[in-house]
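J.:
Numbering (the working numbering), first residue to last: 18 to 316.
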């Protein structure tokens with residue numbers, strides 16, 4: 018199956034979420050939450066991420082995670098990831114309880130496309146203090162893609178991970194997972210990167226972006242937001258509307274995309290130092306806000 022067909026299938030099977038100019042969404046991807054070991058890339062940014070997540074929760078945003086939220090290539094079990102970042106998952110649970118949590122699976126958490134796996138591992142967790150199971154993401158559904166559809170204009174924003182345009186990481190993800198666990202995870206401590214990852218292989222990154230752009234051109238210039246490559250993208254109106262929210266494992270920062278008041282923005286959260294030496298987590302606007310209606314679809 019070609020990348021075009023994989024993207025077509027993801028679009029056709031996507032869950033549609035109606036929205037309007039009062040709606041607020043924060044899009045993150047590629048958190049790669051791990052077990053807090055030396056190979057856990059998320060651990061360096063977890064305080065930044067948690068602070069940003071609290072901000073979006075209190076401000077009434079819906080949270081959309083565009084795949085690779087949990088690092089289930091390096092780690093065998095979700096339980097070890099949950100124990101390492103329990104405060105993050107408890108906050109995500111609050112989004113879920115208020116129906117403000119929308120989850121997409123990527124290649125590193127592709128096991129979540131199995132509803133039975135999700136129900137078994139994510140529905141509840143064991144709390145040693147109370148010596149009993151407690152609910153976590155009871156009833157949660159993971160999707161390959163989501164479509165945000167504006168109630169008035171009918172404009173669509175297509176959200177998916179983006180690995181559909183990456184033949185190896187979509188079709189042979191089990192082999193990729195095996196190689197990462199056996200080979201690349203032990204070597205990661207020495208700074209040796211996985212060459213199959215487009216985030217660490219510029220040639221593969223460009224190929225993935227080119228394939229998604231071709232799909233967008235064949236689909237009426239539909240606004241599309243992906244992750245996977247870890248490279249933030251924010252096109253100008255008139256360009257091919259391929260957005261990328263970046264990742265949560267950049268050195269000392271995380272990037273994401275906000276949709277608010279009918280506009281789209283690329284943002285970054287990082288730690289800044291004030292004049293008196295105090296460290297603060299701050300939000301920085303990188304691009305936008307740009308009206309979504311400025312990205313006009315072909316008729």
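For each residue, glycine too, the CB sits at the ideal point set by N, CA and C.
(1) To the nearest angstrom, report how far apart residue 61 and residue 105 are at their CA atoms.
(2) Taking only heavy atoms of the ligand MG into account, decide whether any of them is closer than 6 Å to the Cβ of residue 85.
(3) With which residues is residue 270 paired in a DSSP beta bridge?
(4) Between residue 65 and residue 271, how many whole angstroms is the CB-CB distance? I'm expecting something under 8 Å.
(5) Could you spell out where the alpha helix (DSSP H) holding residue 98 opens and where it closes?
(6) Any idea if residue 235 is buried or exposed, counting beta-carbon neighbours within 10 angstroms, 16 or more meaning buried?
(7) Do you know whose CA, among 73, 157, 150 and 142, lies nearest residue 113's CA?
(8) Name the two residues that bound the continuous alpha helix (DSSP H) containing residue 250.
(9) Contact defined as beta carbons within less than 8 Å: I believe residue 53 pairs with residue 85. What is the distance between those atoms, to the nearest angstrom?
(10) Taking Cβ positions, are residue 34 and residue 165 nearer each other than 7 Å?
(11) Indicate whether residue 1 and residue 244 have their beta-carbon atoms separated by less than 7 Å.
(12) By DSSP, does residue 120 sit in helix, in strand, or in coil?
(13) Can you give me the start and stop residues for the beta strand (DSSP E) that residue 130 sits inside?
(14) Given residue 250, which residues of its chain have a CB within under 7 Å of its CB, disregarding the five upstream and five downstream residues?
(15) In the structure shown, what three-state DSSP assignment does residue 261 receive?
(16) Using C-beta distances below 8 Å, list every residue in its chain close to residue 141, excluding the 5 sequence neighbours before and after it, in chain order.
(17) Near residue 92, what residues of its chain come up, given a Cβ to Cβ distance below 8 Å and the 5 sequence neighbours on each side ignored?
T.: This is what the structure holds:
(1) 14 Å
(2) The ligand MG is not part of this structure, which contains no ligands at all.
(3) 267 and 287
(4) 6 Å
(5) Where residue 98 is concerned, the enclosing alpha helix (DSSP H) stretches over 95–101.
(6) exposed
(7) 157
(8) That residue, residue 250, is in no alpha helix (DSSP H); it is neither H nor E in DSSP.
(9) About 17 Å; that fails the 8 Å criterion.
(10) yes
(11) For the chain, the structure presents residues 18 to 316; residue 1 sits outside this window and is missing.
(12) strand
(13) From DSSP, residue 130 is part of no beta strand (DSSP E); its letter is neither H nor E.
(14) For residue 250, same chain residues with a beta-carbon under 7 Å away, outside a window of 5 residues either side, are 259, 260 and 261 in chain order.
(15) strand
(16) 150, 151, 152, 153 and 155
(17) 51, 52 and 98
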